[in-house]
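Worksheet: one structure, shown below.
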Amino acid sequence: MPSAPGVQSRGQIAQMQSQMEQMQATLSATMVTGSAGGGAVTVEMTGDQQLRAITIKPEVVDPEDVEMLQDLIMAAFKEASEKVAELMNAALGPLAGGLGLGGLS
0 MPSAPGVQSR GQIAQMQSQM EQMQATLSAT MVTGSAGGGA VTVEMTGDQQ LRAITIKPEV
60 VDPEDVEMLQ DLIMAAFKEA SEKVAELMNA ALGPLAGGLG LGGLS
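The opening residue of the sequence shown carries number 0 in numbering that gives the first Met the number 0; numbering runs sequentially from there.
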C-alpha cells in the first residue's frame with residue numbers, strides 16, 4: 000500500500016536522524032566570533048550556542064563607564080548569536096525539505 004503524501008518511511012526517518020546527528024556534531028565543532036567596538040570586545044561561541052570565550056581589551060575597561068563595556072559585550076554576543084542562527088538555518092534547510100515541510104527554515 001503506498002504511503003500518504005508527506006509520510007516518511009522508516010528508512011527515510013533513520014537517514015534523516017543520522018543527518019541530524021551529523022549536523023549537530025558539525026555545529027558543535029564550529030566556532031563563530033562576534034565583536035564590537037572595532038574588536039575591543041570579542042565573543043566566541045560554538046555553532047550549538049555554547050559560549051567559549053569573551054575577550055576584552057584592557058583599554059575599554061573604564062571603571063567610570065561600566066555601561067559602555069556592558070553594551071560592547073552585549074553587542075558582541077548578539078553578533079555571535081546571529082551568526083549561529085545563520086549556521087543553523089543553513090544546516091537545517093535541507094533537512095526541513097526532506098520532511099516535506101515546505102517553507103520551514
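Virtual Cβ for every residue (Gly too), placed ideally from N, Cα, C.
Keep in mind the model is a prediction, meaning the values are calculated, not measured.
Every beta strand (DSSP E) stretch that sits fully inside the segment 19-87 and reaches 3 residues is listed by chain position as 30-35, 40-45 and 50-55. The distance from the Cβ of ARG51 to that of MET73 is about 17 Å, inconsistent with a contact at the 8 Å cut-off. The beta-carbon separation of GLY36 and VAL59, rounded to 6 Å, stays under the 8 Å limit for a contact. CA-to-CA, the gap between ALA90 and THR41 works out to about 24 Å. SER17 sits in a helix when the DSSP states are folded into three classes. In this structure, the straight-line span from the alpha carbon of ASP47 to that of ASP61 is close to 32 Å.
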